[in-house]
Amino acid sequence: MYVACSSLCFGRYSLTDALHAISELRFHKVDLALHESGPHLRPSEVLADVNRSAQILRKANVAYAAFHVEIDAPTIEKYRETMRAVCRLGRWLSVPLVNISAAPLGSDFAEEVIRLTSLNRVAQAEGVMLTVETHSQTITANRERAVELCRSVPGLGLTLDPSHYLLGTEPTQDYDSLFPFVRHVRLRDTAPDRLQVRVGQGQLEYGRIITQLTRERYQRALSVDIRDTPVPEFPMEPEVRKLKYLLESMV
């Protein structure tokens, strides 16, 4: 295992400055957000010119652990086309996996299996792994459904974001059934009423997560994913550094 950093930790920076800040903090790799409504490189820009996107990202002289992708497309065909461009960019930059969101809560499970099977073929054709993230607003909020998705779509993995299981009136740190399918991890400290708090003020059990991952012989990234906001509640860089050192002391 190694510790990476999400580019969303520096969402108020330009892409170049965000990647520079992550490099200055001596992270091994970057978990790069490609969000259509995000502050940095957008999936539509990748689709418009994959070569230019690759040049921009190579120029930063950093390695990438994963792409965190949110595509806004009017049709499934356009979504697939954009996804193919993003996965191709991943192949060119030796990015091992691309992460997307699962369907919202209440969506038809069978239809989601069909959608993810199609997108998984796109990713596999470009030699990258597809994962869906665990999130309180998608069908992966149900841990059994998340496992069933992975079993129904061969090769599909999970990006574990345990904060979303700590939220709400019934917080839990019991997601052991997910670990055999986890291919990427994003971490921040969380309280039942707040997704993000200062490191040490929440309830996330980092040691337990790392122990479970070790049992599964997990060798991939632990991404620091403390989200920068337009009006942050606390200074971002010291918290990012603190969580980096904490995680590195455990792996």
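Numbered per our numbering, the sequence shown spans residues 1 to 251.
Beta carbons: idealized from backbone N, C-alpha and C, even for Gly.
Which two residues bound the contiguous alpha helix (DSSP H) that contains residue i?
i      : result
Thr75  : No alpha helix (DSSP H) contains Thr75, which DSSP labels as neither H nor E.
Ser118 : Phe109 to Ala125
Gly157 : Premise fails: Gly157 lies in the beta strand (DSSP E), Gly157 to Leu160, not in any alpha helix (DSSP H).
Leu19  : Leu15 to Glu24
Thr211 : Tyr206 to Arg215
Leu166 : Ser163 to Leu166
Check each candidate in the options and name the one with the smallest Cα separation from residue i.
i      : options                          : result
Phe27  : His164, Glu81, Thr214 and Cys9   : Cys9
Met236 : Thr16, Val3, Ile22 and Tyr2      : Ile22
His35  : Phe179, Glu233, Val86 and Met250 : Val86
Phe109 : Met250, Gln219 and Thr140        : Thr140
Ala66  : Ala60, Lys78 and Val98           : Val98
Gly207 : Met250, Ser44, Pro180 and Lys78  : Met250
Gly202 : Arg91, Pro171, Leu57 and Pro230  : Pro171
Lys78  : Thr16, Ala191 and Leu119         : Leu119
Gly168 : Asp176, Ala191 and Tyr175        : Ala191
Ser37  : Ile71, Leu243, Thr75 and Phe234  : Ile71
Ala54  : Arg91, Pro39 and Ala103          : Arg91
Ala266 : Pro230, Leu57 and Arg145         : Residue 266 lies beyond the range of the chain shown here (1 to 251); nothing can be said about it.
Ile76  : Asn61, Lys59 and Ile114          : Ile114
Arg217 : Pro180, Pro230, Asp49 and Glu233 : Pro180
Could you tell me whether the Cβ atoms of residue i and residue j are closer together than 8 angstroms?
i      : j      : result
His135 : Ser101 : yes
Val46  : Leu93  : no
Val122 : Arg80  : yes
Leu25  : Arg241 : yes
Leu166 : Leu204 : yes
Ile209 : Pro162 : yes
His68  : Ser14  : no
Leu160 : Leu178 : yes
Leu158 : Thr138 : no
Val30  : Tyr2   : no
Gly11  : Asp189 : no
Pro43  : Thr82  : yes
Asp176 : Gln219 : no
Ile56  : Leu41  : yes
Along the chain, where does the beta strand (DSSP E) containing residue i start, and where does it finish?
i      : result
Tyr2   : Tyr2 to Ser6
Asn99  : Leu97 to Ile100
Gln196 : Arg194 to Val197
His184 : Val182 to Leu187
Ser44  : Element bounds for Ser44: not the beta strand (DSSP E) but the alpha helix (DSSP H), Pro43 to Ala48.
Ala221 : Ala221 to Val224
May I ask you to list the residues that DSSP assigns as paired with residue i?
i      : result
Lys29  : Ala4
Tyr245 : Beta-bridge pairing links Tyr245 to no other residue.
Ser152 : Ser152 is not bridged to any residue.
Thr138 : Pro104
Val132 : Ile100 and Leu158
Taking 7 angstroms as the cut-off, is the C-beta of residue i nearer than that to any heavy atom in the ligand NAD?
i     : result
Ala66 : Absence of the ligand NAD is noted for the structure shown, with no ligands found whatsoever.
- Task: Report yes or no: do the region 221 to 230 and the region 184 to 196 share at least 3 C-beta pairs separated by less than 8 angstroms?
- Result: The region 221 to 230 vs the region 184 to 196: in contact.
- Message: Under 8 angstroms, with one C-beta from each stretch per pair, do the region 140 to 155 and the region 193 to 204 reach the 3-pair mark?
- Response: no
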